[in-house]
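Some notes on the structure that comes next.
There are 2 protein chains.
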Amino acid sequence: MENKKENFSEWYNEIVESAGLIDKRYPIKGMNIWMPYGLKVALNFDENVRRLCDAKGLNEVSFPLLITRKQLNVEFEHLKGFEKQVFWITKGGTDKLDEEMSLRPTSESAMYPMFAMWIRTHGDLPLKLYQLVSVYRYETKHTRPFLRDREFRFFEAHTAHRNYQEAEAEIVEYLDIWKSLSDILCVPYVLHRRPEWDKFAGAEYSNAADTFLPSNRSLQVATFHQYGTNFSKPYDITYVNEAGEKEYVHQTTYGMSSRLIGALVGIHGDDKGLILPPDLAPTQVIIIPIPSEKSDTLKYSMNLEKILSSKGIRARVDSRDSYTPGYKYNDWEMRGVPVRIEVGEREVAANTATIAMRVEKGKKTVGLKDLEDSVRDSLRRVKEIITDKAVKQMKKIIKEAAGLNDLIAWKGPSLSYWCGLRECSDHIEEKSEKVCLGYRIDVESAGNCVVCGKEGRLATFSRTY
Amino acid sequence: MENKKENFSEWYNEIVESAGLIDKRYPIKGMNIWMPYGLKVALNFDENVRRLCDAKGLNEVSFPLLITRKQLNVEFEHLKGFEKQVFWITKGGTDKLDEEMSLRPTSESAMYPMFAMWIRTHGDLPLKLYQLVSVYRYETKHTRPFLRDREFRFFEAHTAHRNYQEAEAEIVEYLDIWKSLSDILCVPYVLHRRPEWDKFAGAEYSNAADTFLPSNRSLQVATFHQYGTNFSKPYDITYVNEAGEKEYVHQTTYGMSSRLIGALVGIHGDDKGLILPPDLAPTQVIIIPIPSEKSDTLKYSMNLEKILSSKGIRARVDSRDSYTPGYKYNDWEMRGVPVRIEVGEREVAANTATIAMRVEKGKKTVGLKDLEDSVRDSLRRVKEIITDKAVKQMKKIIKEAAGLNDLIAWKGPSLSYWCGLRECSDHIEEKSEKVCLGYRIDVESAGNCVVCGKEGRLATFSRTY
Numbered sequence: 001m002e003n004k005k006e007n008f009s010e011w012y013n014e015i016v017e018s019a020g021l022i023d024k025r026y027p028i029k030g031m032n033i034w035m036p037y038g039l040k041v042a043l044n045f046d047e048n049v050r051r052l053c054d055a056k057g058l059n060e061v062s063f064p065l066l067i068t069r070k071q072l073n074v075e076f077e078h079l080k081g082f083e084k085q086v087f088w089i090t091k092g093g094t095d096k097l098d099e100e101m102s103l104r105p106t107s108e109s110a111m112y113p114m115f116a117m118w119i120r121t122h123g124d125l126p127l128k129l130y131q132l133v134s135v136y137r138y139e140t141k142h143t144r145p146f147l148r149d150r151e152f153r154f155f156e157a158h159t160a161h162r163n164y165q166e167a168e169a170e171i172v173e174y175l176d177i178w179k180s181l182s183d184i185l186c187v188p189y190v191l192h193r194r195p196e197w198d199k200f201a202g203a204e205y206s207n208a209a210d211t212f213l214p215s216n217r218s219l220q221v222a223t224f225h226q227y228g229t230n231f232s233k234p235y236d237i238t239y240v241n242e243a244g245e246k247e248y249v250h251q252t253t254y255g256m257s258s259r260l261i262g263a264l265v266g267i268h269g270d271d272k273g274l275i276l277p278p279d280l281a282p283t284q285v286i287i288i289p290i291p292s293e294k295s296d297t298l299k300y301s302m303n304l305e306k307i308l309s310s311k312g313i314r315a316r317v318d319s320r321d322s323y324t325p326g327y328k329y330n331d332w333e334m335r336g337v338p339v340r341i342e343v344g345e346r347e348v349a350a351n352t353a354t355i356a357m358r359v360e361k362g363k364k365t366v367g368l369k370d371l372e373d374s375v376r377d378s379l380r381r382v383k384e385i386i387t388d389k390a391v392k393q394m395k396k397i398i399k400e401a402a403g404l405n406d407l408i409a410w411k412g413p414s415l416s417y418w419c420g421l422r423e424c425s426d427h428i429e430e431k432s433e434k435v436c437l438g439y440r441i442d443v444e445s446a447g448n449c450v451v452c453g454k455e456g457r458l459a460t461f462s463r464t465y
Numbered sequence: 466m467e468n469k470k471e472n473f474s475e476w477y478n479e480i481v482e483s484a485g486l487i488d489k490r491y492p493i494k495g496m497n498i499w500m501p502y503g504l505k506v507a508l509n510f511d512e513n514v515r516r517l518c519d520a521k522g523l524n525e526v527s528f529p530l531l532i533t534r535k536q537l538n539v540e541f542e543h544l545k546g547f548e549k550q551v552f553w554i555t556k557g558g559t560d561k562l563d564e565e566m567s568l569r570p571t572s573e574s575a576m577y578p579m580f581a582m583w584i585r586t587h588g589d590l591p592l593k594l595y596q597l598v599s600v601y602r603y604e605t606k607h608t609r610p611f612l613r614d615r616e617f618r619f620f621e622a623h624t625a626h627r628n629y630q631e632a633e634a635e636i637v638e639y640l641d642i643w644k645s646l647s648d649i650l651c652v653p654y655v656l657h658r659r660p661e662w663d664k665f666a667g668a669e670y671s672n673a674a675d676t677f678l679p680s681n682r683s684l685q686v687a688t689f690h691q692y693g694t695n696f697s698k699p700y701d702i703t704y705v706n707e708a709g710e711k712e713y714v715h716q717t718t719y720g721m722s723s724r725l726i727g728a729l730v731g732i733h734g735d736d737k738g739l740i741l742p743p744d745l746a747p748t749q750v751i752i753i754p755i756p757s758e759k760s761d762t763l764k765y766s767m768n769l770e771k772i773l774s775s776k777g778i779r780a781r782v783d784s785r786d787s788y789t790p791g792y793k794y795n796d797w798e799m800r801g802v803p804v805r806i807e808v809g810e811r812e813v814a815a816n817t818a819t820i821a822m823r824v825e826k827g828k829k830t831v832g833l834k835d836l837e838d839s840v841r842d843s844l845r846r847v848k849e850i851i852t853d854k855a856v857k858q859m860k861k862i863i864k865e866a867a868g869l870n871d872l873i874a875w876k877g878p879s880l881s882y883w884c885g886l887r888e889c890s891d892h893i894e895e896k897s898e899k900v901c902l903g904y905r906i907d908v909e910s911a912g913n914c915v916v917c918g919k920e921g922r923l924a925t926f927s928r929t930y
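Chains as they are written, first to last, in the numbering used here: chain A, 1 to 465; chain B, 466 to 930.
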């Protein structure tokens, strides 16, 4: 296997396939096959998204994949270059279609004409919807699994509210959901207010969660947009308020994608392979029987699987008889299973199980009555360890720049004061290839712009994916 | 609401929207919006599909939506008219694509080139995969929600085996899965061997499950295809057997779609609205507090919800205060919730709950300690009642034809002996508009063909969706 530290990019490309997440050999660039193991990780994530969204009163819907040119034209007003990113269907069978239709690049233009029909009075608000779908972008840049695909899994929440304040409150709710998800992913992040020129077209402002890969590049993993009335006006989404007057709704969106799978692969993995967060691992505990002539280690293993499964732990016996235990250890380490149980004749004789973690050396042997607790404890430990490691890594990668030279010298992300002007961030980009991710939202700290010296706030500059 | 008996078609079109399953107003013909309530029914169904498939050793994957013309060309060899049913992408952004790509109409041509890479030796077999995706057909006929859409939810299992017998055994497994699903849907069916000219292009044979709607038309709800080596040869899917020789794999598929949602709507509903099978109902028990000045019926209702939810029953309080209990009863009857609990001051005072079923008159009042059992019992009863009713309906609709005149006189499906020749079934179609669904698989009964008088087997003739 490639060495992660020395060649992150090659290591990453290898691991996504060898761990069984995807197969890249599908004949269309940027469109990969989700293999059973990778798909289970994604579905486990979706299940958590649904649980958290439902608890916040968001309702799941599913809009059609196709969007007519007429629908999209409203959005093209906002963003001229957008059309270039869209796949177009021009033929049905052998007929030329009267109107071209696009594959959804995102669903504003699919949803908002319907919002205009659904919303009549203040009693219809807030309207809070989300969907889990695939989206399509005609990427001309180099593609990379999960990080830049032409087809990717997407979560998009769209809400409509009576006023700006209520829309603002929704964005706070989004952050709650995101915080829970980042905890499940064990992926730390920094929140930025994107610069004006980098916000989503049509947004009042865009907040984004960025994480950082060992390549020292940032990866946008979630976005939270305040649309104000910028979409409700062109799409004519109005409601009658308590006073009987017609008003435009205020809207927000929250987006995430299968980039998150890329983030967890890149951040947690090591030279042995993947390391999966226990909450998302398809198999949390792999049980490996060590063949023995004295005792039935397979039968005993099956019993352990039964005990753990009945407690809601995703445990599985590797019963393949054509592989040695050593081969199996490596195989499951490569696939990132958090906890391993070894069953030899000693364990069978003493009614015990020997537990090992993916992320720490050493094993412990426990009696069956302590099995569930010990396994849960090990899963918790794995989660703690990989979270701590990821947080430390991120802190190490992001360096505070003492000045412009310092900022330029360090190839990774830099923290620095910035006045907010594009010419200053352009100057930085020119000298360092690092773009401005925006002001840090979580810190209020004033200082002098690293370029022009005028008053500024703390911002992050980074090369990005 | 429309009268189901008198005008099934209008009743159906109305109910799918008024019960909140879908919204048909999306601006593309045959592509509808899955509303929260309808989507939950579909997701509950998917969850059951996953559980049953996983138990049979089928693994879930997700293949890209797009298929190149080159990939599809292999399949066009089998089926000349197929190209007419496909949507084609010809542009990415403003670029004309080098090669046209289609939206998946089904995934043989996406999957099988990969099967050829994945399968090497007999140890790689059986390969058993499935996916839950949306598929796209350029329908030129009149569309109807769930029954004939241009975008619909689809289940497709694809397996590869060492020989014909093992492929045959897989089809038996499919039938097990389907039987469990039809039980969950409370939808009865008849199994047919499709006539040669109506089998899936490239299949050795196609078996299909057909159900019958109150319109007296049949609806194909599941198909099970034996491909033999008809796909493995053009796609070159081979394996090395135990003797070291190269052999072609034998393949099968199993398909189902969101037509099943159409089937349960059409079969179970009545003039009050939808009736949902308890296993699929998003809300199994709706709890309605009757406002009272003497007691807090809402708080008491919330407690019932908590008790039932903790037992894994999908219960929900309707706490809307702008609607009367009567309005709410009608509303939830329309949405097909199987069981209703009414909470008035009498129930609060006596620590009881009054339970009503969607499908039977009468109520019963039970003490809290019997709540869970009584609710489970009511859910079970609803399932029994709607299943029995559906079976009786189907038996009534399908009539045994005493002779050709009899067959022609009855507009609904007819059972009759048939020799297997196309000219005989064409004759029937010409006279009655009923097509041959094929021989009944489940009955072995010989008799004289209703047209030519030669030896034949029992077959069904029906107008179809």
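For glycine and all other residues, C-beta sits at the position ideal for the given N, C-alpha and C.
Remember, predicted model here, so these are calculated numbers, not experimental data.
- Each of A:Trp197, A:Cys186 and A:Tyr254 was checked against the Cα of Ala167 of chain A, and the nearest Cα belongs to A:Tyr254.
- Close CB contacts of Pro278 of chain A within its chain, under the 7 angstroms cut and outside five residues either way in sequence, are with Gln284, Pro338, Leu379, Val382 and Lys383 (chain order).
- A straight line joining the alpha-carbon of Thr559 of chain B with that of Glu565 of chain B spans about 14 angstroms.
- Judged by beta-carbon spacing, Arg316 of chain A lies beyond the 8 angstroms limit of Leu147 of chain A, meaning their Cβ atoms are not closer than that value.
- In the three-state DSSP reduction, Ile288 of chain A falls in the strand class (E or B).
- Distance from the Cα of Ser218 of chain A is smallest, within the candidate group A:Val435, A:Arg457, A:Asp442 and A:Asn448, for A:Val435.
- Asp663 of chain B and Ala687 of chain B have their C-alpha atoms spaced approximately 14 angstroms apart.
- Counting the other CB atoms within 10 Å of its CB gives Lys826 of chain B a total below 16, which places it among the exposed residues.
- For Leu127 of chain A, the secondary structure class from DSSP, reduced to helix, strand or coil, is strand.
- Burial state of Thr106 of chain A is buried, judged by a 10 Å Cβ sphere holding 16 or more other Cβ atoms.
- The count of Cβ pairs closer than 8 angstroms, one atom from the stretch 350–361 of chain A and one from the stretch 381–401 of chain A, reaches three, so the stretches are in contact.
- Annotated as distal: Val714 of chain B and Ile726 of chain B, with beta-carbon spacing of 8 angstroms or more.
- Residues of chain A with a Cβ closer than 9 angstroms to the Cβ of Asp563 of chain B do not exist; the shortest Cβ-Cβ separation is about 11 angstroms.
- At a cut-off of 8 angstroms, the C-beta of Val240 of chain A has no neighbouring C-beta in chain B.
- If only complete runs of 4 or more residues are kept, the stretch 263–317 of chain A shows the alpha helix (DSSP H) at 297–310, in order along the chain.
- Annotation for Asp563 of chain B: the continuous beta strand (DSSP E) segment containing it runs Asp560 to Leu568.
- Residue burial annotation: Gln630 of chain B is exposed, with fewer than 16 other C-beta atoms found within 10 angstroms of its C-beta.
- The C-beta of Pro36 of chain A comes closer than 8 angstroms to at least one C-beta of chain B.
- For Arg144 of chain A, no chain B residue has a C-beta closer than 7 angstroms to its own C-beta; the minimum C-beta separation is roughly 16 angstroms.
- At a cut-off of 8 angstroms between C-beta atoms, Trp332 of chain A does not count as an interface residue with respect to chain B.
- Under the three-state reduction of DSSP output, Tyr239 of chain A falls in the strand class.
- Straight across, the Cα-Cα distance linking His192 of chain A with Asp838 of chain B is about 53 angstroms.
- If one requires a minimum length of 3 residues, the beta strand (DSSP E) runs lying completely within the stretch 364–431 of chain A are 414–418, in chain order.
- With distances taken between CA atoms, Leu129 of chain A lies nearest to B:Pro501 out of B:Lys919, B:Pro501 and B:Thr830.
- Given a length threshold of 3 residues, each whole run of the beta strand (DSSP E) inside the stretch 491–538 of chain B is given here in chain order: 531–533.
- Look at the stretch 240–257 of chain A: it has no residue with a C-beta under 9 angstroms from a C-beta of chain B.
- Proximity of the stretch 321–335 of chain A to the stretch 262–269 of chain A falls short of the contact definition, fewer than three beta-carbon pairs being nearer than 8 angstroms.
- In the three-state reduction of the DSSP assignment, Ile487 of chain B falls in the strand class.
- Around Asp488 of chain B, the beta-carbon contacts reaching into chain A at under 7 angstroms are Met114.
- Shown here, Glu168 of chain A sits in a helix according to DSSP, grouped into three states.
- The three-state secondary structure of Val900 of chain B, taken from DSSP, is strand.
- Leaving aside the five residues that flank His158 of chain A on each side, the residues in its chain whose CB is nearer than 6 angstroms to its CB run, in chain order, Met111, Leu129 and Thr253.
- At a cut-off of 8 angstroms between beta carbons, Trp88 of chain A contacts chain B.
- In this structure, A:Tyr239 is the residue among A:Tyr239, A:Tyr300 and A:Phe212 with its C-alpha nearest to the C-alpha of Gly123 of chain A.
- Burial check for His607 of chain B: the Cβ neighbour count within 10 Å stays below 16, so the residue is exposed.
- Not one beta carbon of chain A lies nearer than 8 angstroms to the beta carbon of Met822 of chain B.
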